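Have a look at the structure below, then the notes.
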Amino acid sequence: MLARLLLALALTLTACAAAPNPDAAPAAAPFPTITPGRLVVGLLPTVEAASAGQPFNPATAVALARRPTAAPDYAACPPPASPALGGLPASSRQAADAVMAFLSAGGAPQALAALMQAEWGLPPAAAAVRADADLTGEGVPDVLVVVQLPDGSAALLALACAGGRYTALHEAFTDGPTQIIHAGDINLDARPDLLYAVERCEAAGSACAYRTQLLSWERDTGSFVSLLATPIISPILPILADVDGDGILEIAVRLTSSGTAETGPLRTGVTIYDWDGVGYALSITQLDPPRFRVQVIHEADRSLLRQDAARAAEQYALALSDTSLRNWHNDDQIVLTAYALYRLLTAYAYTEDRRLLATYQELGRLYPDPASAPVYALLGEAFWRAFQTSNNLRSACAAVQDIITARPEALSLINRYGSRSPTYTATDLCPF
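With the sequence shown counted from 1, adding 62 to any position gets you my numbering.
And the structure:
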């Protein structure tokens, strides 16, 4: 009887159930689709298990292979001792090895400079040691060593304690005196920087120049990278100064040399390298006013070649009138006066300036005798006559070229101002 009642109840529930809807979307499968917000955790076999024959996910091997190596412990220094430094090395590489061996054996950085002077016979400037710069930013001072051997070879070492011995963060082997300008953060990027320069001379008695490098410590790579696209080449040692007051130090190169017989006259002034967010780049070169007459004339010639004849005329007139300008050669007063008047004549002809005639008359007044006049007075005469006949600048310059061909001193006189001055061709002297 009970069995019949249960069978009837089951039939009744089946009849009451809703009929299936053929248009309804199928229910989402609970697996393998992952529900957003849920975390599925699975345990994969280890590499060791796979080596025993158990399958494993290849991503596991990749992840294990890419585990970061432990960063060096730059605070782990060797225990103090009193090792010997040894005899004078034969090369800067051997000197670097001897210095690292001495420090790794427990030698004190504070004693290293005195030992290099005493045992290697080096002067103080050739045996410099600093132990006050934290180059890695770990809070522990590192060691900077500059050693220069009697043969002129030198080494710059940036050393740090790591794993109980000293290791080189940076090594520079050079062929000239090396100076550390600064060690520490100069651009406020929280990374230590190293600024140093090497002095190089082409030959005994020749002009020397400094080759300056700027390195920045990168913790991620554990190495120094350069903050300069190319080394800074300068006649004197650069300095650091906050020129614009933004808290970031700029590299300033003061140009103090007025020139030599080899270079010719030079402009003094200052060149600034500033931080641009990526590296240090040339920001501005601010030159002092010219001191020599030929420097003003060179500027005027450049203006005329750019076809800025109005500006060139102003500069030629300045070279003629400014009594404070000095002569580089003893005969500049005669030669450059004739040259400036000739070039002023061409500039006025180009701009159709009414002062053209007065300039020609002044040239004739100062140099009335063609036989004794400077060659540039003859160029002015030829230019004037041809221009008056043809009213054409090209024809006037053709007449000038004939004089230059016959009188080559027209080029040699203006090309005698040193390697750092412009070199002129015949076309440059009349570019129209």
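Positions of the beta carbon are idealized from the N, C-alpha and C atoms, including for glycine. These numbers come from a predicted model, not from an experiment.
By Cβ distance below 8 Å, which residues in the same chain neighbour residue i in space, the five residues on each side in sequence not counted?
i: D304; result: I310, L311 and E312
i: G115; result: Because the pLDDT at G115 is just 43, under 50, the model does not fix this residue reliably, and the value given afterwards should be weighed accordingly. Cβ neighbours of G115 beyond the five flanking positions: none.
i: E424; result: L403
i: Y429; result: A400, A435, P436 and A439
i: P432; result: A439, L440 and E443
i: Y524; result: Residue 524 is absent from the model: the chain starts at 63 and stops at 494.
i: G480; result: G321, T322, A323, E324, T325, G326 and P327
i: A499; result: The shown model of the chain, from 63 to 494, leaves out residue 499, and the question about it has no answer.
Short of 7 Å in beta carbon distance, which residues of its chain neighbour residue i, apart from the five on each side in sequence? Order them along the chain.
i: C270; result: E261, R262 and C263
i: P171; result: L165, V191, A193 and V205
i: D196; result: V202, P203, D204 and P254
i: C78; result: For C78, the predicted model reports a pLDDT of 42, less than 50, meaning its position is unreliable; a value from the coordinates is still stated below. Excluding positions up to five away in sequence, the list is empty.
i: I396; result: P436
Give the range of the beta strand (DSSP E) segment to which residue i is assigned.
i: G426; result: Unbroken run through G426 is the alpha helix (DSSP H), L418 to L428; no beta strand (DSSP E).
i: W16; result: In this structure the chain extends from 63 to 494, so residue 16 is not present and cannot be described.
i: V209; result: D204 to Q210
i: G480; result: Run containing G480: none; DSSP gives neither H nor E here.
i: A224; result: A216 to A224
i: A263; result: For the record, residue 263 in the displayed sequence is Cys; it is not Ala. Segment D255 to C263, the beta strand (DSSP E) holding C263.
i: G284; result: Careful: G284 lies outside any beta strand (DSSP E) and carries neither H nor E.
i: L317; result: E312 to L317
How far does the alpha helix (DSSP H) with residue i in it extend, from its first residue to its last?
i: E471; result: E471 to S474
i: A234; result: Careful: A234 lies outside any alpha helix (DSSP H), inside the beta strand (DSSP E) at R227 to T236.
i: Q463; result: L455 to A468
i: R355; result: R355 to L367
i: L382; result: A371 to S383
i: S452; result: V437 to S452
i: R405; result: D394 to T413
For residue i versus residue j, is the C-beta distance shorter than 8 Å?
i: D394; j: V356; result: yes
i: V208; j: A190; result: yes
i: S320; j: F235; result: no
i: I346; j: Y401; result: no
i: F494; j: Y412; result: yes
i: A444; j: A472; result: no
i: T322; j: I298; result: no
i: I242; j: L302; result: no
i: P141; j: G169; result: no
i: A409; j: L366; result: yes
i: T330; j: S296; result: no
i: G214; j: D251; result: no
i: A28; j: A157; result: Since the displayed the chain opens at 63 and closes at 494, residue 28 lies outside it and no answer follows.
i: A362; j: I334; result: no
i: R353; j: R316; result: no
Apart from the five residues on each side of it in sequence, which residues of its chain come closer than 6 Å, Cβ to Cβ, to residue i?
i: R574; result: No answer is possible for residue 574: it lies beyond the span of the chain, which begins at 63 and ends at 494.
i: G225; result: A138
i: L289; result: L276, S278, G341 and Y342
i: C459; result: C492 and F494
i: L147; result: F164, L177 and E181
i: W337; result: N249 and I310
i: Y228; result: M162, L165, S166 and L221
Distance cutoff 8 Å, beta carbons only. Does residue i sit that close to anything in chain B?
i: T318; result: Absent here is chain B; the protein component of the structure consists of one chain.
Exercise for the section: State whether the region 326-343 contacts the region 369-377, with contact taken as three or more CB pairs (one from each stretch) at a distance under 8 Å. Expected result: No contact exists between the region 326-343 and the region 369-377.
Problem - Three or more C-beta pairs below 8 Å linking the region 252-261 and the region 274-284 - result: Three or more Cβ pairs closer than 8 Å define a contact, and the region 252-261 meets that threshold against the region 274-284.
Practice task
Note down, one range per segment and in chain order, each alpha helix (DSSP H) of at least 4 residues found wholly within the region 154-179.
Solution key: 154-166, all fully within the region 154-179.
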